[in-house]
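So the structure is just underneath, and the comments pick up after that.
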């Protein structure tokens with residue numbers, strides 16, 4: 698079981714345990730309520746305590762942060778995963794485009810859930826922090842506990858959790874860099890599609906053209922809000938759909954939308970360390986860039 702220990706500072710003298718859990722360890726009320734029911738959930742100097750216990754300078758508060766009842770019920774299927782970072786609190790993988798995160802009724806391919814059940818065992822639950830659609834490749838963060846997942850979720854779309862994507866989009870953007878501010882709502886006649894609509898939720902995307910090819914561009918994209926399909930919808934709304942994104946008007950030269958989560962910078966929610974990770978363009982996107990460059994030269 699993963700635990701955290703906190704040494705009480707002189708400035709915290711006299712505060713209650715619950716105050717330290719909420720303000721110093723940033724625990725949610727529900728997690729604290731569940732911890733109180735565990736014999737080893739909350740201890741002060743090695744002894745179980747109630748959350749109204751007042752602390753003294755030098756006391757050592759120890760709390761459990763791992764999931765004690767979490768499970769991964771997916772079938773264990775030992776398929777390769779490209780893990781680019783892992784510790785006892787989280788993992789970052791470079792997801793293949795053809796791999797879904799969880800299974801579905803129509804799904805036949807092994808998923809991230811299947812692969813992690815084989816790698817970690819069924820007793821280790823996993824919590825996808827930034828979920829990538831099947832068809833999107835790149836860096837994806839997985840928390841190993843509900844506690845770490847909640848801390849990372851709070852960081853999303855802040856400067857503590859920065860994600861940038863590489864994409865191939867039709868045409869050439871004018872201006873070559875800028876900000877897209879178009880509201881997004883669910884399309885009424887499709888189970889998954891989204892659309893730009895005046896009554897949609899505010900949605901903001903930054904883009905920068907990295908290279909222009911004959912009839913498409915290599916872009917760096919950053920979603921400042923977290924709407925479903927946001928990057929794909931925003932590019933399509935400017936008449937620059939992603940290559941292969943047939944749902945939003947893209948062509949068929951790729952078998953999937955040309956979108957790759959290439960860059961990640963996050964503040965580790967437990968250690969405070971700054972993690973900076975990159976994943977190069979996968980072969981299908983890199984080949985398009987290479988072939989187009991060869992044609993132009």
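In our numbering, the protein residues as written are 698 to 994.
Idealized CB from N, CA, C, for every residue including glycine.
Who are residue i's beta bridge partners in DSSP?
{"i": "residue 986", "result": "BP columns for residue 986 are empty, so no partner."}
{"i": "residue 882", "result": "892"}
{"i": "residue 780", "result": "790"}
{"i": "residue 808", "result": "DSSP lists no partner for residue 808."}
{"i": "residue 978", "result": "In DSSP, residue 978 forms no bridge with anything."}
{"i": "residue 903", "result": "876, 919"}
Nearest to residue i by CA position, among the options, is which residue?
{"i": "residue 735", "options": "745, 727, 741, 726", "result": "745"}
{"i": "residue 879", "options": "861, 833, 928", "result": "928"}
{"i": "residue 896", "options": "881, 902, 870, 757", "result": "881"}
{"i": "residue 877", "options": "912, 935, 862, 853", "result": "935"}
{"i": "residue 721", "options": "988, 967, 824, 983", "result": "967"}
{"i": "residue 976", "options": "738, 869, 959", "result": "959"}
{"i": "residue 686", "options": "756, 776, 875, 948", "result": "Outside the displayed span of the chain (698 to 994) sits residue 686, for which this structure offers no information."}
{"i": "residue 917", "options": "813, 899, 906", "result": "906"}
{"i": "residue 857", "options": "973, 821, 762", "result": "973"}
{"i": "residue 797", "options": "942, 949, 969, 834", "result": "834"}
{"i": "residue 791", "options": "828, 839, 781", "result": "781"}
{"i": "residue 778", "options": "899, 839, 724", "result": "839"}
{"i": "residue 806", "options": "836, 723, 831", "result": "831"}
{"i": "residue 925", "options": "949, 941, 899", "result": "899"}
{"i": "residue 795", "options": "956, 873, 884", "result": "956"}
{"i": "residue 783", "options": "808, 813, 765", "result": "813"}
{"i": "residue 723", "options": "852, 765, 793, 743", "result": "852"}
{"i": "residue 859", "options": "872, 871, 737, 971", "result": "971"}
{"i": "residue 863", "options": "731, 954, 808", "result": "954"}
{"i": "residue 764", "options": "872, 731, 743", "result": "731"}
Leaving aside the five residues before and after residue i along the sequence, list all residues of the same chain whose C-beta is less than 8 Å from its C-beta, in chain order.
{"i": "residue 850", "result": "826"}
{"i": "residue 986", "result": "865, 908, 910, 915, 978"}
{"i": "residue 748", "result": "713, 714, 715, 718, 729, 733, 739"}
{"i": "residue 984", "result": "none"}
{"i": "residue 946", "result": "933, 938"}
{"i": "residue 828", "result": "798, 837"}
{"i": "residue 950", "result": "940, 941, 985"}
{"i": "residue 810", "result": "769, 771, 798, 799, 800, 823"}
{"i": "residue 727", "result": "none"}
{"i": "residue 884", "result": "890, 891, 892"}
{"i": "residue 737", "result": "698, 745, 761"}
Looking only at its own chain, which residues have a Cβ that is under 7 Å from the Cβ of residue i, when we skip the five neighbours before and after it?
{"i": "residue 944", "result": "890"}
{"i": "residue 705", "result": "752, 753, 754, 755, 756, 758"}
{"i": "residue 750", "result": "713, 714, 741"}
{"i": "residue 894", "result": "880, 882"}
{"i": "residue 821", "result": "769, 841"}
{"i": "residue 725", "result": "847"}
{"i": "residue 874", "result": "904, 905, 906"}
{"i": "residue 921", "result": "854, 901, 902, 903"}
{"i": "residue 952", "result": "941"}
{"i": "residue 981", "result": "951"}
{"i": "residue 808", "result": "771, 796, 797, 798, 799, 800"}
Less than 6 Å between C-beta atoms, sequence neighbours within five positions excluded: which residues of the same chain meet that for residue i?
{"i": "residue 869", "result": "909, 914"}
{"i": "residue 867", "result": "913, 937, 938"}
{"i": "residue 930", "result": "881, 891"}
{"i": "residue 702", "result": "757, 759"}
{"i": "residue 969", "result": "none"}
{"i": "residue 919", "result": "861, 903"}
{"i": "residue 854", "result": "923"}
{"i": "residue 767", "result": "822"}
{"i": "residue 762", "result": "699, 701, 842, 844"}
{"i": "residue 819", "result": "768, 769"}
Specify whether the stretch 702-710 and the stretch 765-784 touch according to this definition: at least 3 beta carbon pairs, one from each stretch, less than 8 Å apart.
No, the stretch 702-710 is not in contact with the stretch 765-784.
For the stretch 813-876, list the beta strand (DSSP E) runs that are entirely contained and at least 3 residues long, ordered along the chain.
Within the stretch 813-876, the complete beta strand (DSSP E) runs of at least 3 residues are 834-840, 858-867.
Within the stretch 907-976, ranges of the beta strand (DSSP E) (whole runs, at least 3 residues)
Entirely contained in the stretch 907-976, the beta strand (DSSP E) runs reaching 3 residues are, in chain order, 913-920, 956-964, 971-975.
Meets three-Cβ-pair contact criterion under 8 Å: the stretch 947-966 and the stretch 782-802:
Counting Cβ pairs under 8 Å, three or more are found: they touch.
Three Cβ pairs or more, each shorter than 8 Å: is that satisfied between the stretch 877-893 and the stretch 843-854?
Judged by Cβ distances under 8 Å, the stretch 877-893 makes no contact with the stretch 843-854, as fewer than three pairs qualify.
Scan the stretch 706-774 and note each continuous alpha helix (DSSP H) run of 4 residues or more that stays entirely inside, going in chain order.
List check, alpha helix (DSSP H) in window: 714-720, 726-732.
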